[in-house]
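For reference, the structure is listed below as structure tokens.
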Amino acid sequence: MYAIVVDGGRQYRVEPGMEVDIDFRDLSQGSEFTFETVLAVSADDGLKLGAPTVDGASVIASVIGPKKDKKIYIQKFRRRKHSKRRTGHRQLHTRVKIEKIAV
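Be aware that the sequence shown starts at 0, since it is given in numbering that gives the first Met the number 0, and climbs by one per residue.
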């Protein structure tokens, strides 16, 4: 069984027991998070596609905690001006574990 959910403009294919990194939310560890926008659900009785979402379907996940992404570096350089700048950024994510898919 799997579902396709939307969060933060991105679509995720999730299954029960799977861990997913979503956009950062200030949620405590162990709390429950619900994905309301479900585009498709595949179960034993077949695939249900939404138009645009599946009515009454939701995905329930528990929060594992915050996670930092790898660091990326941004380098700006102006030729012939003896000017350069290097900055870094680490994106925060919230890691959740998919508990169940409710249809």
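Cβ coordinates follow ideal geometry from the N, Cα and C atoms, glycine included.
Exercise. What residues are listed by DSSP as bridge partners for E31?
Worked result: In the sequence shown, the residue the question calls residue 31 occupies position 32. The partner list for E31 (beta bridge, DSSP) reads S61.
Exercise. Shortest alpha-carbon distance to I3 belongs to which of T93, T36, K96 and I71?
Worked result: One-based indexing of the sequence shown puts residue 3 at position 4. The shortest C-alpha separation from I3 is found at T36.
For this session: Using the Cα positions of V95 and P15, report the straight-line distance between them to the nearest angstrom.
Result: Walking along the sequence shown from the start, residue 95 turns up at place 96. Walking along the sequence shown from the start, residue 15 turns up at place 16. Spanning the two alpha carbons is a distance of roughly 11 Å.
For this session: Measure the CB-CB distance between F76 and K83 and report whether it falls below 8 Å.
Result: As a working mapping, residue 76 is identified with position 77 in the sequence shown. As a working mapping, residue 83 is identified with position 84 in the sequence shown. Yes; because the gap between Cβ atoms is below 8 Å, this pair is in contact.
Exercise. Do you know how far the Cα of K47 is from the Cα of S41?
Worked result: For the purposes of this step, residue 41 is identified with residue 42 of the sequence shown, where counting begins at 1. For the purposes of this step, residue 47 is identified with residue 48 of the sequence shown, where counting begins at 1. Roughly 6 Å between the two C-alpha positions.
Problem set entry | Candidates G87, R85, G55 and P65, of which the one nearest A101 by Cα | Along the sequence shown, one-based indexing puts residue 101 at 102. Of G87, R85, G55 and P65, the residue nearest in Cα terms is G55.
Problem set entry | Range covered by the beta strand (DSSP E) that runs through G45 | Reading the sequence shown from its first residue, position 46 is the one you call residue 45. Element bounds for G45: G45 to L48.
For this session: Would you check if the distance between the CB atom of Y72 and the CB atom of R85 is smaller than 8 Å?
Result: Taking the sequence shown and counting its residues from 1, the one referred to as residue 72 is at position 73. Taking the sequence shown and counting its residues from 1, the one referred to as residue 85 is at position 86. In contact: Y72 and R85 (Cβ atoms closer than 8 Å).
Exercise. For D68, which of helix, strand or coil comes out of DSSP?
Worked result: Translated into positions along the sequence shown, residue 68 becomes position 69. DSSP places D68 in coil when its eight states are reduced to three.
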